[in-house]
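What follows is a set of notes on a single structure, which appears directly below.
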Ligand SMILES: [Zn+2]
């Protein structure tokens with residue numbers, strides 16, 4: 012019944028593993044399967060080899076509807092995001108660069124590149140709490156206010172989006188932004204984009220339809 016979304020989750024987990032964002036069973040992905048159902052990766056499974064059959068489907072209280080395995084230990088965090096935010100999919104990783112920065116940044120990853128505006132600009136750091144606890148879920152939910160990404164102190168990263176592919180894309184973008192910030196910080200104090208610069212980027216993106224393909228204007232020039 013939930014075949015398509017279970018395939019989607021398994022593909023997302025394998026893609027995250029290929030990209031080096033998840034190692035072994037560390038990380039989890041979920042997506043809305045229906046108005047009252049969430050598909051989510053299981054606890055303990057090797058994500059690089061995850062199959063659709065291993066993906067769980069739970070109701071909004073977290074009770075298993077479909078699948079044989081126990082859902083991720085961060086199920087409460089995933090369910091909390093769907094309750095509070097207009098999300099279609101959630102990705103949590105212990106990606107190397109994001110996790111490294113989560114161990115040193117106090118409040119946020121500053122907005123050092125305009126590409127980060129997809130994530131809401133600067134990326135907040137949720138305070139440290141033990142994995143799988145309601146305290147961790149509460150800290151991350153608060154950090155995500157107005158953002159689609161957060162770092163989790165001494166733990167990892169989380170992103171959400173309208174669909175699974177976009178949530179994985181944002182996890183990759185966040186890892187890239189963390190890498191840029193780290194490389195810049197090795198050289199000097201990174202410069203950041205201020206509020207006015209960020210607003211100008213959003214205005215320019217709206218005006219130009221940035222990020223989507225479109226036909227070239229006028230006649231195409233033949234080049235030899
Ligand atoms: Zn984790």
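Numbering (the working numbering), first residue to last: 12 to 235.
All C-beta atoms, glycine included, are put in the ideal place defined by N, C-alpha and C.
Item	Value
Any non-hydrogen atom of ligand 2 within 7 Å of residue 35 CB	The model on display carries ligand 1 but not ligand 2.
Residue nearest to residue 86 in terms of C-alpha spacing, selected from 219, 31 and 151	151
Proximity of residue 203 and residue 121 at Cβ, strictly below 8 Å	yes
Helix, strand or coil at residue 235 according to DSSP, with G and I counted as helix	Annotation note: pLDDT 49 at residue 235 (below 50); position unreliable, coordinate value reported separately. Coil.
Residue 214 versus residue 227: straight-line alpha-carbon distance, rounded	21 Å
Where residue 198 falls, given that 16 or more other Cβ within 10 Å makes a residue buried	exposed
Residue 70 - DSSP class collapsed to helix/strand/coil	strand
C-alpha distance - residue 127 paired with residue 188, whole-angstrom precision	7 Å
Check whether residue 100 and residue 41 have beta carbons under 8 Å apart	yes
Burial state of residue 217 (16 or more Cβ within 10 Å)	exposed
Beta carbon of residue 185 nearer than 8 Å to that of residue 170	yes
Three-state secondary structure (DSSP) of residue 197	helix
Host beta strand (DSSP E) of residue 163 (start-end)	160 to 163
Pair within 8 Å by beta-carbon distance, residue 131 and residue 178	no
Strand pairing of residue 203, partner residues [DSSP]	Paired residue(s): none; residue 203 is not in a bridge.
Three-state secondary structure assigned by DSSP to residue 45	strand
Bridge partner(s) assigned by DSSP for residue 37	34
Neighbourhood of residue 61 by C-beta distance below 7 Å, restricted to the same chain and skipping five residues each side	21, 24, 25 and 52
heavy atom of ligand 1 below 7 Å from residue 243 C-beta	This structure cannot speak to residue 243, because the chain is shown only from 12 to 235.
Beta-carbon contacts of residue 116 that lie in its chain and below 6 Å, excluding the five residues immediately before and after	136
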